[in-house]
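The listed protein sequences derive, respectively, from chains A and B.
Note that the first sequence covers residues 370 to 886 in my numbering.
Note that the second sequence covers residues 59 to 216 in my numbering.
Don't be surprised by glycine CBs; every beta carbon is placed ideally from N, CA and C.
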Amino acid sequence: MTKIYIPRDMAALAVGAKRVVAAVQKDAAARGLNIEIVRNGSRGMLWLEPLIEVETPAGRVGYGPVKPSDVPALFDAGFLTGGVHPLSIGRVEDHPYFARQRRVTFQRCGIVDPVSFAEYAAHGGYKGLDRAFAIGPEATIAEIAASGLRGRGGAGFPTGIKWKTVADCPAEKRYVVVNADEGDSGTFADRMIMEGDPFSLIEGMTICAFAIGSDKGYIYLRAEYPIVAEIFEQALIAARAAGVLGKNLRGSSLSFDIELRIGAGAYVCGEETSLLESLEGKRGIVRAKPPLPAHVGLFGKPTVVNNVLSMATAPMILADGGAAYHAFGVGRSRGTIPLQIAGNVKYGGLCEVPFGLTLGEIVNDIGGGTLSGRPVRAVQVGGPLGAYLPTSLFDTPFDYEAYTKVDSLIGHGGLVVFDDTVDMSWMARFAMEFCAIESCGKCTPCRIGSTRGVETIDKIRAGENVAANIELLKDLCQTMKLGSLCALGGFAPYPVESALRHFPEDFHKPALEAAAE
Amino acid sequence: MSGAVPWDAARAQEIIAAHLSLEGPALPILHALQHEFGYVPEAAVPQLAEALNISRAEMHGVMTFYHDFKRQPQGRHVLKICRAESCQSMGAEKIALDFLARLKLEWGETTPDGALTVETVYCLGLCAHSPSAIFDEEPIGRVDGVKLDELAEEARSA
Numbered sequence: 370m371t372k373i374y375i376p377r378d379m380a381a382l383a384v385g386a387k388r389v390v391a392a393v394q395k396d397a398a399a400r401g402l403n404i405e406i407v408r409n410g411s412r413g414m415l416w417l418e419p420l421i422e423v424e425t426p427a428g429r430v431g432y433g434p435v436k437p438s439d440v441p442a443l444f445d446a447g448f449l450t451g452g453v454h455p456l457s458i459g460r461v462e463d464h465p466y467f468a469r470q471r472r473v474t475f476q477r478c479g480i481v482d483p484v485s486f487a488e489y490a491a492h493g494g495y496k497g498l499d500r501a502f503a504i505g506p507e508a509t510i511a512e513i514a515a516s517g518l519r520g521r522g523g524a525g526f527p528t529g530i531k532w533k534t535v536a537d538c539p540a541e542k543r544y545v546v547v548n549a550d551e552g553d554s555g556t557f558a559d560r561m562i563m564e565g566d567p568f569s570l571i572e573g574m575t576i577c578a579f580a581i582g583s584d585k586g587y588i589y590l591r592a593e594y595p596i597v598a599e600i601f602e603q604a605l606i607a608a609r610a611a612g613v614l615g616k617n618l619r620g621s622s623l624s625f626d627i628e629l630r631i632g633a634g635a636y637v638c639g640e641e642t643s644l645l646e647s648l649e650g651k652r653g654i655v656r657a658k659p660p661l662p663a664h665v666g667l668f669g670k671p672t673v674v675n676n677v678l679s680m681a682t683a684p685m686i687l688a689d690g691g692a693a694y695h696a697f698g699v700g701r702s703r704g705t706i707p708l709q710i711a712g713n714v715k716y717g718g719l720c721e722v723p724f725g726l727t728l729g730e731i732v733n734d735i736g737g738g739t740l741s742g743r744p745v746r747a748v749q750v751g752g753p754l755g756a757y758l759p760t761s762l763f764d765t766p767f768d769y770e771a772y773t774k775v776d777s778l779i780g781h782g783g784l785v786v787f788d789d790t791v792d793m794s795w796m797a798r799f800a801m802e803f804c805a806i807e808s809c810g811k812c813t814p815c816r817i818g819s820t821r822g823v824e825t826i827d828k829i830r831a832g833e834n835v836a837a838n839i840e841l842l843k844d845l846c847q848t849m850k851l852g853s854l855c856a857l858g859g860f861a862p863y864p865v866e867s868a869l870r871h872f873p874e875d876f877h878k879p880a881l882e883a884a885a886e
Numbered sequence: 059m060s061g062a063v064p065w066d067a068a069r070a071q072e073i074i075a076a077h078l079s080l081e082g083p084a085l086p087i088l089h090a091l092q093h094e095f096g097y098v099p100e101a102a103v104p105q106l107a108e109a110l111n112i113s114r115a116e117m118h119g120v121m122t123f124y125h126d127f128k129r130q131p132q133g134r135h136v137l138k139i140c141r142a143e144s145c146q147s148m149g150a151e152k153i154a155l156d157f158l159a160r161l162k163l164e165w166g167e168t169t170p171d172g173a174l175t176v177e178t179v180y181c182l183g184l185c186a187h188s189p190s191a192i193f194d195e196e197p198i199g200r201v202d203g204v205k206l207d208e209l210a211e212e213a214r215s216a
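Rendered as structure tokens:
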């Protein structure tokens, strides 16, 4: 029996993986061949999806991107034994895109059957939790702190300190909450890990529960990810059956279970306090801080709120030790960052590397430049609240502090590439429009400021009192940055100000056009 | 969406009751109601408020805060087209607006035959295959005008 891997990842499905599975099954049956199709996660080389992998004695050999109509020719070429075909990429691990990565959080993603507990265990699963049990809660938190892991949701807060704060807070109940409301455009790492290696998140949450003393975890997943919900629910069932969730799990004194909750299309619920309100069944309105969720969180109880990636990295840190993770990276940005390269880019995908690569290396060397073949003009880093960076800043290394220095943020590690046809005043307008649509309405700078921002940019784009309106817009951005309660209103000025700073010519179009006439 | 049954207060009460043991059950209930009926009518507000022991105003506030809870029946099929930055970098805005113009629809509207509702969505996490869309629960990458027209045709015929 030959094992074939065809991803069930949402991106693979979006480019026809389901039809490819059907075509392979049909052709194999017609030829009387005995095959087993495993629906794995994606390897992250998304431009090659649907990527079929075949298990051979020499390793896993890949073919992609496969269309259903390619399937008969693949059989004719003997792909079941790694035969040569124009779509062949050879051994997947030897592919340059894959070979340059340092896979830690994504070490199993795309390799294992995501809903098979046996495969997770066979690939090092639950070594982390077992070690946590062996060293105890305090030493577990110390390992996380020693790793230098910082929140992957955007703020970059040290995860170890957060866990310790919750553990130290006297309470009869504490919660573990995972933020899987991955709403930033250009990001899909949470989606991929939950589709490709859901047990790593389950184990990470269990380690956290053990460390802080919690019996209940929630995952708040965005509604836009129906495939994640399907796969993750299957993984939860498998985890309970394997005795790694529930009462006295894995034979320990710990009892812990996880509930998956689905959001309802509100971007602001990715903000942790808004997320907690939403979990409680209220409107997703941001809470003023303090008190921090670590002290007064879900239902008023001390709560760890971590991003999917931070939590899914905990098993490796416990298994291999905090120092092993800390050895990667630069400065105060330790470990690896799963970059998500997207937009108008030739080789879009997920690439997990140590911190420190320059923006130019990421966009040109890994991403291969634009898909359109036109010159790169701007890259938005860190989602809709991230800055637009010009090619003149391509030497900026990917780390939290270096991005702060250029008035930018790395957020959740997403990069969206734009070619030279982009109109940056339009993108600035869109940032304000998006903020207006998604504002929770609690604070005035965000609720009113975003709408005034759209109106002001419209005036600038129409050539109305351009210089005065640009000054007004800058002033408005300052008010939003300093006066907003959360990152939505507080960071929405980043794309606007960066567009103004780096691409001023796009805000003077009518004047330039008039001058040309 | 296809498969939804007409609003039935007694059935709604069963669905509500089935979720009341959850902590913070409001969103799971609203999702379950929408899954069953395709939307959550205004008539559900007093019923939900009573079950959750909150005021009608609060319940109304919750229902209307979230983009996904619909207060009117939707088309038999729902097509959500992404207009977030990544998709815009690949020309999504023009593709979507041209498509809407061909259907003579605005964002959020349903075709007169009730076949298709077209909505915006802000990121589907398919950003390496921009522009993207989702048709009912089927994700679609590398969307163009031709693909959108095919989906509209599929909605009409199914």
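>> Count Cβ pairs between the region 640–656 of chain A and the region 604–613 of chain A that sit closer than 8 Å; are there 3 or more?
In response: Under the 8 Å Cβ criterion, the region 640–656 of chain A does not count as touching the region 604–613 of chain A, having fewer than three qualifying pairs.
>> Starting from L605 of chain A, trace the alpha helix (DSSP H) in both directions and tell me its first and last residue.
In response: Its alpha helix (DSSP H) spans residues 595–610.
> Which chain A residues sit within Cβ distance under 7 Å of R200 of chain B?
Replying inline: In chain order: V384.
> Taking only beta-carbon atoms, is A633 of chain A less than 9 Å away from chain B?
Replying inline: Residue contact check for A633 of chain A against chain B: a CB pair falls below 9 Å.
>> Considering only the alpha carbon of each residue, which of A:R469, A:E593, A:D584 lies closest to F193 of chain B?
In response: It is A:E593.
>> Less than 9 Å between the beta carbons of C185 of chain B and G413 of chain A, yes or no?
In response: No, the pair does not count as a contact, with Cβ atoms beyond the cut-off.
> Is there a Cβ from chain A that is less than 9 Å from the Cβ of A84 of chain B?
Replying inline: Put simply, the CB of A84 of chain B is near chain A, with a gap under 9 Å to one of its CB atoms.
>> Please list, in chain order, the residues of the region 379–410 of chain A that have any C-beta partner in chain B closer than 7 Å.
In response: Taking 7 Å as the Cβ-Cβ cut-off against chain B, the residues of the region 379–410 of chain A that qualify are M379, A380, L382, A383, V384.
>> For S867 of chain A and S583 of chain A, what's the separation of their Cα atoms in angstroms?
In response: One alpha carbon belongs to S867 of chain A, the other to S583 of chain A, and they sit about 42 Å apart.
> Hey, does F123 of chain B have any beta-carbon neighbour from chain A nearer than 9 Å?
Replying inline: Output row for F123 of chain B: interface = yes.
>> So the candidates are A:G690, A:G451, A:V430, A:P873; which of them puts its Cα closest to the Cα of I510 of chain A?
In response: Taking only the C-alpha atoms, the option nearest I510 of chain A is A:G690.
>> From the DSSP secondary-structure annotation, give me the bridge partner or partners of E628 of chain A.
In response: Residue pairing by DSSP places E628 of chain A opposite A:Y587 in a beta bridge.
> Which residues in chain A sit within 9 Å of F127 of chain B, going by Cβ to Cβ distance?
Replying inline: Simply A633, G634.
> In its own chain, which residues sit with a C-beta less than 8 Å from the C-beta of T672 of chain A, not counting the 5 before and 5 after it?
Replying inline: Here the set comprises V535, R543, Y544, V545, V546, L645, P662, A663, G666.
> What is the rounded straight-line gap between the Cα of F787 of chain A and the Cα of L402 of chain A?
Replying inline: One C-alpha to the other measures close to 46 Å.
> In the DSSP assignment, what are the bridge partners of D788 of chain A?
Replying inline: The bridge partners DSSP lists for D788 of chain A are A:V745.
> Looking at the C-beta of L415 of chain A, does it have a partner C-beta in chain B at a distance below 9 Å?
Replying inline: Chain B contact via Cβ: present.
> Can the beta-carbon of P189 of chain B be found less than 9 Å from the beta-carbon of I153 of chain B?
Replying inline: In this structure, I153 of chain B lies closer than 9 Å to P189 of chain B by Cβ.
>> Taking 9 Å as the threshold (beta carbon to beta carbon), is E424 of chain A in contact with chain B?
In response: Any Cβ of chain B closer than 9 Å to the Cβ of E424 of chain A would place that residue at the interface, and such an atom is absent.
> Among all the DSSP beta bridges, which residues are the ones paired with N733 of chain A?
Replying inline: DSSP, once it has assigned bridges, lists no residue as partnering N733 of chain A.
>> If I measure Cβ to Cβ from S569 of chain A and keep anything under 6 Å in the same chain, skipping five residues before and after, which residues do I get?
In response: Closer than 6 Å at Cβ, skipping near neighbours: A681, P684.
> V176 of chain B CB to nearest chain A CB: under 9 Å?
Replying inline: By this cut-off, V176 of chain B is not an interface position.
> Alpha carbon to alpha carbon, what distance is there between V823 of chain A and M59 of chain B?
Replying inline: Note that M59 of chain B scores 49 on pLDDT, short of 50, meaning its location in the model is unreliable and no value can be drawn from it.
>> Between the region 62–78 of chain B and the region 630–641 of chain A, can you find at least three pairs of beta-carbon atoms closer than 8 Å?
In response: Because the criterion of three Cβ pairs below 8 Å is not met, the region 630–641 of chain A and the region 62–78 of chain B do not touch.
>> For D788 of chain A, would you say it is in contact with chain B, using Cβ-to-Cβ distances shorter than 9 Å as the test?
In response: It does; some Cβ of chain B falls within 9 Å.
> Roughly how many angstroms lie between the CA atoms of N617 of chain A and D499 of chain A, to the nearest whole one?
Replying inline: Straight across, the Cα-Cα distance linking N617 of chain A with D499 of chain A is about 13 Å.
> Since Y716 of chain A contacts Y374 of chain A with CB under 8 Å, what's their CB separation in whole angstroms?
Replying inline: Their Cβ separation, rounded to whole angstroms, is 20 Å, which puts Y716 of chain A and Y374 of chain A out of contact at 8 Å.
> Quick one: is G522 of chain A buried, meaning 16 or more other Cβ sit within 10 Å of its Cβ, or exposed?
Replying inline: When all chains shown are included, G522 of chain A counts as buried.
> the region 581–596 of chain A: which residues have C-beta closer than 9 Å to a C-beta of chain B, in chain order?
Replying inline: Shown in chain order are the members of the region 581–596 of chain A whose Cβ falls below 9 Å from a Cβ of chain B: K585, Y587, R591, A592, E593, Y594, P595, I596.
> DSSP state of A711 of chain A, grouped into three classes?
Replying inline: Three-state result, A711 of chain A: strand.
> DSSP state of Y757 of chain A, grouped into three classes?
Replying inline: Looking at Y757 of chain A - three-state DSSP - the assignment turns out to be strand.
> So what's C577 of chain A in DSSP terms, helix, strand or just coil?
Replying inline: Three-state DSSP puts C577 of chain A in a helix.
>> Can you check whether the C-beta of E212 of chain B is within less than 9 Å of a C-beta belonging to chain A?
In response: Residue contact with chain A for E212 of chain B: absent (no Cβ-Cβ distance below 9 Å to any residue of chain A).
> Which residues in chain B sit within 7 Å of Q749 of chain A, going by Cβ to Cβ distance?
Replying inline: Chain B residues near Q749 of chain A: E143.
> Counting along the chain, where does the alpha helix (DSSP H) carrying A508 of chain A start and finish?
Replying inline: Per DSSP, the unbroken alpha helix (DSSP H) holding A508 of chain A starts and ends at 506–516.
> With 9 Å set as the bound, which would you pick, yes or no: does the beta-carbon of S60 of chain B sit closer than that to a beta-carbon of chain A?
Replying inline: The predicted position of S60 of chain B is uncertain, since its pLDDT is 48 and thus under 50; a value taken from the coordinates is nonetheless stated next. No, no contact with chain A.
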